[in-house]
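Enquirer: I am attaching a structure below and will ask some questions about it afterwards.
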Amino acid sequence: MCNEALRKKIFLALTLSIITALNCHAQLIHTSEFVKLSLPNGTYKLNKQQINALPGEKPVTKMDEQIRPPYIYNIDNIILSFHNVNQDSINNNLLGNKIFLDGLAGTFKRHGNNSYTSIIKNLNSKQVLIANYIINSAGYYDFYIQNAAKTLTLAGKMKYPKADAAKAEALNDIISNIQFTK
Amino acid sequence: MKKRYPKSTGTIFKLCIVLLIACVAVIYGCRKDISKLDDNPTATITDPKIAKAKSWYETNYSKPGGKPTTQNTNAVGDDFDLSQFFSPNWAAAKNYARFNDDVIEMPMDAASAIGLKVGSASQSNSRSSVLILKRGDTYKAYVMTIVGYPEYLNADTSKLANNSYGKHDANFSGMVYYTTPQGEFVDGYTYKNGVIKGQLVDNYTATTTGGQAVQSITPNAYQAIQVCTAWYQKVGEVWVYLDTQCHTEVIEVPDPSTPLPPITPPSSGGGGGGGDSPGSPDPCPPQGTVQSVKDGKVGNALKVMLLNPGDGGFPPPGGGGAPCTIKPVEDPCDKLKKSKAKFADSFNTQRNAAILTQPGPHEFGSDLNLTSLTSNTYVNTPITTDSRNDLWTPHFTWNSTDGYTVGSAHKHPGGNAPSPDDVFLIFQNLLNPALTSTGASNINFYKQNAYATVITSTATYVITVNSTGWGQLGSLYANFDNDPDGFDNNYLSIARDYKIANNVDDATATAYALNKIFGDAINMYKAPAGTTSYAIAGIDQDGKLVVVPCP
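Going line by line, the protein sequences match chains A and B.
The numbering of the first sequence is the working numbering, which starts it at 67 and goes up by one.
The numbering of the second sequence is the working numbering, which starts it at 128 and goes up by one.
See below:
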């Protein structure tokens with residue numbers, strides 16, 4: 067009888083462990099040097115083959131792979147990518163980056179596409195540069211998130227189906243809460 | 128007592144026999160399925176692009192009869208058809224994009240290995256692949272053979288597999304050799320430490336002076352060497368001789384008076400590899416029969432492409448054009464030297480300086496109109512602005528009153544390098560009725576002399592179009608015209624990612640993105656602001672933007 071009770075307890079403990087493990091697995095955490103971010107349930111990281119299968123992502127040269135963001139996730143058909151954190155003065159100049167993006171995106175306006183907007187804002191002691199624009203049927207968020215000391219900047223990009231704009235905006239808010247670990 | 132096995136022993140025995148037969152049938156059936164898979168690789172092809180290419184290939188290069196044997200392999204001469212001796216391994220095909228081509232690359236099927244013997248080196252030092260290039264709806268097929276020189280292989284032939292059409296080892300020394308599937312020579316390139324040292328050509332006609340074929344193609348000097356290659360097929364463990372071809376290797380030498388660099392593969396000893404079939408003819412004459420070198424002349428029509436493509440891969444077969452057509456590739460330094468007479472003359476220099484001093488954040492610019500097609504003097508066109516930070520509108524003319532617009536110069540106040548729009552402006556002018564209505568010679572004049580100058584506070588950039596680049600530029604323009612936002616978003620993404628990954632300034636990032644998109648179609652020249660010290664801004668074999676001065 068005593069053995070039976072013990073078996074039940076072990077079974078219960080194992081079941082709980084498995085459920086906990088599954089839950090932990092569902093809550094993917096993006097971590098790289100200097101940053102940590104819990105991503106929504108259902109997020110999965112794309113492997114090289116999956117990335118290459120994305121439109122326009124197949125690398126042609128070694129440099130194509132080298133400049134490609136090393137962390138690319140799929141969150142319910144929204145493709146989210148993060149570069150490594152930059153510590154240099156060029157990439158930590160958010161205003162400079164804004165001018166850079168604004169200048170390049172000026173061509174969209176010339177083609178009659180007035181969707182491009184960009185803003186630098188303060189969020190929880192961090193500075194965030196966010197550019198948003200629509201190209202054909204896809205929306206894009208280009209973002210640069212900077213730590214309070216203005217020494218680290220995480221750049222990334224989000225590509226989403228135009229119909230999922232609200233979902234992408236909510237996700238953008240989550241991303242802005244990324245924690246700098248240094 | 129209840130019987131556990133109610134049936135008789137005989138019945139059980141019969142049942143066992145039936146089961147045994149069934150097992151054998153199942154095993155045999157499975158084996159048959161596996162062999163079917165080998166014979167019909169289409170069964171494993173899930174990529175529709177590859178399946179379509181296979182269908183095209185098999186329609187055009189059908190293989191009558193069975194597999195070759197030692198009895199039918201010594202087919203030398205005009206009837207030689209290489210495609211009869213190999214089968215592409217479709218199951219291992221890879222698909223990627225390069226130079227506006229949809230590339231399908233695959234090794235040979237292991238059961239039909241072919242080898243290329245260069246000089247006295249063993250044919251085991253080679254690895255052949257089938258390359259199918261699709262541009263638009265047109266397919267072209269080639270056999271690409273990579274030959275590793277002993278100093279590169281270091282007795283390890285598995286290193287050959289590190290090299291493909293789109294990427295070769297940074298220290299690759301050897302040869303890439305293109306033929307049609309039937310074995311008709313297309314062209315080839317020799318490498319030393321990852322750098323092109325020579326080009327194999329067939330249509331090279333050298334004049335000879337006193338037994339020496341000689342040439343001078345300023346500003347570079349070239350030497351010509353005869354290189355013979357021989358095809359073999361591996362039957363079991365034996366290499367069986369198939370065919371021999373000889374070509375001319377043209378190599379660039381910085382100083383024609385210096386001795387010929389040792390770019391031909393040195394003898395590996397052992398008389399050409401242990402696998403040769405006994406009694407097979409010696410396919411090649413001794414190496415190093417240098418025919419030429421100094422002074423003298425050769426048809427200037429031949430221009431050898433000795434610049435790496437810039438993306439880490441091998442040059443395209445036939446220079447990207449049709450098989451057996453050597454497309455002359457302009458030396459960007461030659462082009463710079465010629466074009467500088469126009470875009471870097473005193474008028475242009477003064478005009479650039481005047482544009483740069485225009486105040487405010489807006490773009491300013493000026494059309495650069497020759498007074499005639501036979502002079503290097505310019506019409507004194509005004510400096511104009513659209514009062515916008517991101518746009519300046521040029522005005523093309525092609526007449527003796529307003530001048531002949533061969534170029535334009537405008538300021539990028541933000542400091543970025545020329546944009547795709549700036550390059551396309553050159554192409555759009557080519558379509559302008561004011562030019563096209565004046566006939567072919569005017570159009571050719573424009574093509575040879577067109578340029579776009581972009582001025583920033585730190586540098587002056589000039590874009591010219593390679594004489595062989597107009598077609599590629601036209602294709603890119605069609606893509607742009609079809610989806611301008613998508614095209615420019617690609618440019619933005621490349622520039623942004625390059626800046627983030629390499630911590631470079633905006634000008635470098637945008638110059639990289641432009642070069643990345645337009646490739647060999649254009650030349651980009653860069654000079655420090657206020658100077659005419661132009662250097663070539665391009666992407667090196669490691670994929671990074673470099674600025675290289677011309678000699």
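C-beta: ideal position from N, C-alpha, C; glycine also.
Owing to the predicted nature of the structure, the values given are computational and were not obtained by experimental measurement.
1. Output needed in chain order: residues of the stretch 178-192 of chain A with a Cβ under 8 Å from some Cβ in chain B.
2. Taking C-beta to C-beta, are B:Tyr639 and B:Leu672 nearer than 7 Å?
3. How long is the line joining the alpha carbons of B:Ser395 and B:Ser247, rounded to whole angstroms?
4. Use the C-beta contact count for B:Pro82: other C-beta atoms within 10 angstroms, 16 or more gives buried, fewer gives exposed.
5. Taking 7 Å as the CB-CB limit, is B:Asn216 close to chain A?
6. Going by CA-CA distance only, name the one from B:Ser660, B:Ile644, B:Thr659 that's closest to B:Ile666.
7. Using a Cβ-Cβ distance under 7 Å, would B:Leu619 count as near chain A?
8. Please report the residue range of the beta strand (DSSP E) in which A:Leu189 lies.
9. With a threshold of 7 Å between beta carbons, is B:Asn503 in contact with chain A?
10. Do you know offhand how far B:Ala340's Cα is from B:Gly325's?
11. Consult DSSP for A:Val194 and reduce its assignment to one of helix, strand or coil.
12. With a Cβ-Cβ cutoff of 7 Å, do B:Tyr578 and B:Phe470 count as a contact?
13. Looking at chain B, is there any beta carbon in it that lies within less than 7 Å of the beta carbon of A:Gly169?
14. Taking 7 Å as the limit between beta carbons, can you name the residues of its chain near B:Gly670, skipping five residues before and five after?
15. Is the stretch 535-546 of chain B touching the stretch 572-590 of chain B in the sense that three or more CB pairs, one from each, lie closer than 8 Å?
16. Does chain A have any CB closer than 7 Å to the CB of B:Asp647?
17. Once DSSP output is grouped into helix, strand and coil, what is the label at B:Val550?
18. Can you look up B:Asp633 in the DSSP assignment and give me helix, strand or coil?
19. Quick check on DSSP: helix, strand or coil for B:Lys176?
20. Mind checking if B:Asn556 is an interface residue toward chain A, Cβ cutoff 7 Å exclusive?
21. If you draw a straight line from the alpha carbon of B:Asn290 to that of B:Ala282, how long is it in whole angstroms?
22. CB-CB under 7 Å to B:Pro88, same chain, minus the five flanking residues each way: which ones, in chain order?
23. Identify whether B:Ile590 lies in helix, strand or coil by the three-state DSSP scheme.
24. Using 8 Å for Cβ pairs, my map puts B:Arg254 next to B:Ala297. What's the rounded Cβ distance?
25. What separation, rounded to the nearest whole angstrom, lies between the Cα atoms of B:Thr512 and A:Leu189?
26. Pick helix, strand or coil for B:Ile241, following the three-state DSSP scheme.
27. Relative to the C-alpha of A:Ile144, which residue among A:Ala236, A:Ile240, A:Pro227, A:Thr173 is closest?
28. B:Gly447 CB to nearest chain A CB: under 7 Å?
29. For B:Lys626, count neighbouring Cβ atoms within 10 angstroms of its own Cβ and tell me buried if that reaches 16, exposed if not.
30. Cβ of A:Tyr210 within 7 Å of Cβ of A:Asn163?
31. Which residues mark the beginning and the end of the beta strand (DSSP E) in which A:Ala221 is found?
32. Using a Cβ-Cβ cut-off of 7 Å, state whether A:Ala119 counts as contacting chain B.
33. Mark B:Thr375 as exposed unless 16 or more other C-beta atoms lie within 10 angstroms of its C-beta, in which case mark it buried.
34. Out of B:Tyr188, B:Ser594, B:Trp525, B:Val367, state which residue places its alpha-carbon closest to the alpha-carbon of B:Asp461.
35. Find the nearest neighbour of B:Asn559 within the set B:Gly263, B:Thr580, B:Ala664, B:Val533, judged by alpha-carbon distance.
36. At a CB-CB cut-off below 8 Å, which residues of chain B make contact with A:Gln132?
Expert: Looking at the coordinates:
1. Residues passing the 8 Å Cβ filter: Asn179.
2. A contact, by the Cβ cut-off of 7 Å.
3. At B:Ser395, the pLDDT of 30 sits below 50, so the modelled position is not reliable; the number obtained from the coordinates is stated separately. Taking the straight line from one Cα to the other gives about 7 Å.
4. Look at the range of chain B in this structure, 128 to 678, and you will see that residue 82 of chain B is not part of it.
5. Residue-level contact by beta carbon fails for B:Asn216 and chain A, as no gap is shorter than 7 Å.
6. The candidate whose alpha carbon is nearest that of B:Ile666 is B:Ile644.
7. With a threshold of 7 Å between beta carbons, B:Leu619 makes contact with chain A.
8. Taken as a continuous stretch (DSSP letters only), the beta strand (DSSP E) holding A:Leu189 covers 183-189.
9. No, B:Asn503 does not count as interfacial toward chain A.
10. With a pLDDT of 31 at B:Ala340, under the threshold of 50, the modelled position of this residue cannot be trusted, and the question is left open.
11. Three-state DSSP puts A:Val194 in a strand.
12. It is a contact, given that the beta carbons lie within the stated cut-off.
13. Cβ-Cβ to chain B under 7 Å: yes for A:Gly169.
14. Cβ neighbours of B:Gly670 within its own chain (closer than 7 Å, five residues either side excluded): Asp438, Gly439.
15. In short, these stretches touch, since the Cβ pair count reaches three.
16. Output row for B:Asp647: interface = no.
17. B:Val550: helix per DSSP, three-state reduction.
18. Helix at B:Asp633.
19. Assignment of B:Lys176 by DSSP, reduced to helix, strand and coil, places it in the helix class.
20. Output row for B:Asn556: interface = no.
21. Those two C-alpha atoms are separated by around 16 Å.
22. Residue 88 of chain B lies beyond the residue range present for chain B, which begins at 128 and ends at 678; the question has no answer from this structure.
23. Under the three-state reduction of DSSP output, B:Ile590 falls in the strand class.
24. Rounded, the Cβ-Cβ distance is 18 Å, inconsistent with contact.
25. B:Thr512 and A:Leu189 have their C-alpha atoms some 40 Å from each other.
26. Correct three-state label for B:Ile241: strand.
27. Nearest in C-alpha terms to A:Ile144, of all of A:Ala236, A:Ile240, A:Pro227, A:Thr173, is A:Pro227.
28. Note that B:Gly447 scores 49 on pLDDT, short of 50, meaning its location in the model is unreliable and no value can be drawn from it.
29. Around the C-beta of B:Lys626, 16 or more other C-beta atoms lie within 10 Å, and the residue is accordingly described as buried.
30. The Cβ atoms of A:Tyr210 and A:Asn163 sit closer than 7 Å to each other.
31. Start and end: 219-227.
32. So no, A:Ala119 is outside the interface.
33. It is buried - the Cβ of B:Thr375 has at least 16 other Cβ atoms within 10 Å.
34. Shortest Cα-Cα distance from B:Asp461 to any of B:Tyr188, B:Ser594, B:Trp525, B:Val367 involves B:Ser594.
35. Comparing alpha-carbon positions, the option among B:Gly263, B:Thr580, B:Ala664, B:Val533 lying closest to B:Asn559 turns out to be B:Val533.
36. Within chain B, Ala628, Gly670 have C-beta atoms less than 8 Å from the C-beta of A:Gln132, given in sequence order.
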